[in-house]
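Following: one structure in structure tokens, then a few remarks.
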Amino acid sequence: MATYQKSFRLSTKGHCHVINIDSDVQKIVQASGIRSGIINVSGRGSTLGITTLEYEPGCVSDLERALNAIAPPNSNYAHNARWGDNNGYSHLRSALIGTAKSYPLVDGQLGTGTWQQIVLCDFDDCERDREVTVTIVGD
Amino acid sequence: MATYQKSFRLSTKGHCHVINIDSDVQKIVQASGIRSGIINVSGRGSTLGITTLEYEPGCVSDLERALNAIAPPNSNYAHNARWGDNNGYSHLRSALIGTAKSYPLVDGQLGTGTWQQIVLCDFDDCERDREVTVTIVGD
Amino acid sequence: MATYQKSFRLSTKGHCHVINIDSDVQKIVQASGIRSGIINVSGRGSTLGITTLEYEPGCVSDLERALNAIAPPNSNYAHNARWGDNNGYSHLRSALIGTAKSYPLVDGQLGTGTWQQIVLCDFDDCERDREVTVTIVGD
């Protein structure tokens, strides 16, 4: 049994910027030498999300449109009223989608589908520098 | 410390087919011999979801109705326009719900509630053959 | 490698009561003595959710408002019709948000952001006594 952990950083544009981090995660999985276990992928912060998507412009656009309906940028957010912020919608989206997900490590490979990529969604209303931590436990 | 991993397959009808996989997961948990740890349950693909539900027809129907409002089958999806597909809503639902979840293993038992079952939701628009991987790490 | 697991209980008011359990989780992380790994936080039951939020009254209120739109308390739920219950919306919210999340343990600390707290959301329609299990695997 072993634990392997590595973090990396990336610059985002905010405004529901959806970034494919699948190859970053894959590289860490390969470097770990672990063959079977659980892979946790976590973005630090309260205005981002981690999920999976077929990473092509259509699916990215459909996700953005759906989130614009569920959590519109310009609705009356209590967070904005209280703090003079404009990113109440960013916090809401993050709470709904979640900032971390775990996937299986199977025979040394990330156990996700061919058309399924791990993405970081930056819901904030400005450019951000983000930290993603990948933690693998297994054999 | 040990890692135990097992996959199983199941046939689904698509169209938000919600399948109770709780006993499948329970059997793998029992076979593992592990008493305390983390259980990851993951469906492979970008048009399915894994979550928990009181598995009774009312809750299943309520989930389907809510997803029909959030991600209607026949809205104008950019994924469909780009690829000639009809399952843009399936991809969207999968990104929102997530394809994998982790639960605790407590005293040799799945640490979920009596009225809480692990379900696979097949959001695709056709019948599918699905692979679910259960990974347990612990003592 | 080690596994550390501890459960705690808390009383909730239901009706989308959002409770900051971050310090409870932090205490268990400290007690574990584990420095690097995965932390799973799981609430038992099918009418609650676990997620992260900037825990301030504005974000809490914004989350409640969004869930009132997605899963209104007084809609016509099939669960209610079938069982004479009033908490169909509670089950739906739980299935959408999820009852368990996993985060990284980095250098002996919970690897979440400064403005990001782990919360239990009790979606049920009455007061409840809840059990939360924290499971840590790592080195």
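Protein chains in written order, with my numbering: chain D, 35 to 173; chain U, 35 to 173; chain Y, 35 to 173.
Even glycine gets a Cβ: it sits at the ideal position worked out from N, Cα and C.
Since this is a predicted model, take the numbers as computed values, not measurements.
Taking all protein chains shown into account, decide if residue i is buried (16 or more other Cβ within 10 angstroms of its Cβ) or exposed.
i, result
"Gly-132(D)", "buried"
"Asp-163(U)", "exposed"
"Cys-50(Y)", "buried"
"Asn-74(U)", "buried"
"Lys-135(U)", "buried"
"Gly-79(Y)", "buried"
"Cys-93(Y)", "buried"
"Ser-127(D)", "Reading the sequence as shown, one finds Arg at residue 127(D) and not Ser. Classification of Arg-127(D): buried, given that the 10 Å Cβ count is 16 or more."
"Cys-155(Y)", "buried"
"Gln-64(D)", "exposed"
"Ser-109(D)", "exposed"
By DSSP's criteria, residue i is part of a beta bridge. Which residues make up the other side?
i, result
"Ser-76(Y)", "Ala-134(Y) and Thr-167(Y)"
"Gln-143(D)", "Val-140(D)"
"Arg-99(U)", "Answer is none; Arg-99(U) lacks a bridge partner."
"Lys-19(Y)", "There is no way to answer for residue 19(Y), as the model of chain Y reaches only from 35 to 173."
"Ser-45(D)", "Asp-163(D)"
Tell me the rounded alpha-carbon separation between residue i and residue j.
i, j, result
"Val-59(U)", "Ser-41(D)", "31 angstroms"
"Gly-67(D)", "Leu-130(U)", "31 angstroms"
"Glu-90(Y)", "Tyr-111(D)", "12 angstroms"
"Ala-100(U)", "Asn-120(Y)", "17 angstroms"
"Asp-141(U)", "Ser-45(Y)", "24 angstroms"
"His-125(U)", "Leu-87(D)", "7 angstroms"
"Asp-158(Y)", "Ser-57(Y)", "23 angstroms"
"Trp-149(Y)", "Thr-81(U)", "32 angstroms"
"Arg-69(D)", "Gly-122(Y)", "42 angstroms"
"Val-153(Y)", "Thr-85(Y)", "6 angstroms"
"Ser-95(Y)", "Ile-62(U)", "41 angstroms"
"Asn-114(Y)", "Met-35(U)", "44 angstroms"
"Asn-102(Y)", "Ile-104(D)", "11 angstroms"
"Trp-117(U)", "Gly-77(U)", "24 angstroms"
"Val-52(D)", "Gly-147(D)", "18 angstroms"
"Glu-165(U)", "Leu-97(D)", "25 angstroms"
"Gln-39(D)", "Gln-39(U)", "21 angstroms"
"Arg-43(D)", "Arg-43(Y)", "37 angstroms"
Determine the DSSP secondary structure at residue i, reduced to helix, strand or coil.
i, result
"Asn-54(Y)", "strand"
"Ser-70(Y)", "coil"
"Cys-155(Y)", "strand"
"Lys-61(Y)", "helix"
"Tyr-89(D)", "coil"
"Ala-105(Y)", "coil"
"Gly-122(Y)", "helix"
How many whole angstroms separate the CB atoms of residue i and residue j, which I take to be in contact at a CB cut-off of 8 angstroms?
i, j, result
"Pro-138(U)", "Thr-167(Y)", "4 angstroms"
"Asp-175(Y)", "Thr-37(D)", "Past the edges of chain Y, shown from 35 to 173, lies residue 175(Y), and the structure says nothing about it."
"Asn-54(Y)", "Gln-143(Y)", "About 17 angstroms; that fails the 8 angstroms criterion."
"Gly-83(D)", "Cys-160(D)", "The pair is not a contact, with the Cβ atoms about 16 angstroms apart (cut-off 8 angstroms)."
"Gly-71(D)", "Val-171(U)", "6 angstroms"
Please list the partners that residue i has in chain C, where partner means a Cβ-to-Cβ separation under 7 angstroms.
i, result
"Tyr-137(D)", "Here the protein chains are D, U and Y, and chain C is not one of them."
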